[in-house]
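Q:
Numbering (this note's numbering), first residue to last: 30 to 119.
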């Protein structure tokens, strides 16, 4: 049997993010470290913030309900690899 654990990180809200950014100049780049494994930031992969979108859920139409879209009170931040030269992957 495989060992499992319940990973429940404290997800930041907008106020916490605003507070963390309040003293930074407007042109400061935002870097994001993505954990290698749940909760493990020792070997994180660094990315750069490239976009943000409101979280939007979409459900297809069914025989008894029309197609619908719902916008949540959440934002997804999108990260990409930092600028640099990388090997081309096959």
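By construction, the Cβ of each residue, glycine as well, lies at the ideal position given by its N, Cα and C atoms.
Quick caveat: nothing in here was measured; it's all calculated off a predicted structure.
(1) Shortest alpha-carbon distance to residue 68 belongs to which of 107, 52, 51, 35?
(2) With the cut-off set at 8 Å, would you say residue 104 and residue 79 are in Cβ contact?
(3) Roughly how many whole angstroms lie between the Cα atoms of residue 32 and residue 39?
(4) Here's a check: name, in chain order, each residue in its chain whose Cβ is nearer than 8 Å to the Cβ of residue 71, leaving out the five neighbours to either side.
(5) In the DSSP assignment, the beta strand (DSSP E) including residue 106 goes from what residue to what residue?
(6) With DSSP run on the structure shown, which of helix, strand or coil describes residue 78?
(7) Comparing C-alpha positions only, which one of 93, 92, 100 sits nearest to residue 82?
A: This is what the structure holds:
(1) Counted from its first residue, the chain shown places residue 68 at position 39. Each of 107, 52, 51, 35 was checked against the Cα of residue 68, and the nearest Cα belongs to 35.
(2) On the chain shown, residue 104 is found 75 positions in, with the first residue counted as 1. On the chain shown, residue 79 is found 50 positions in, with the first residue counted as 1. Contact flag unset, no.
(3) Taking the first residue of the chain shown as 1, we reach residue 32 at position 3. Taking the first residue of the chain shown as 1, we reach residue 39 at position 10. Distance between residue 32 and residue 39, taken at the CA atoms: about 22 Å.
(4) Locating residue 71 in the chain shown gives position 42, counting from the first residue. Hits under 8 Å: 65.
(5) Position 77 of the chain shown, counting from 1, holds the residue named residue 106. It spans 97-110 - the beta strand (DSSP E) in which residue 106 sits, taken as one unbroken run.
(6) Here residue 78 is taken as the residue at index 49 of the chain shown, counted from 1. Shown here, residue 78 sits in a strand according to DSSP, grouped into three states.
(7) Counting from 1 along the chain shown, the entry for residue 82 is found at position 53. Measuring from the Cα of residue 82, the nearest candidate turns out to be 100.
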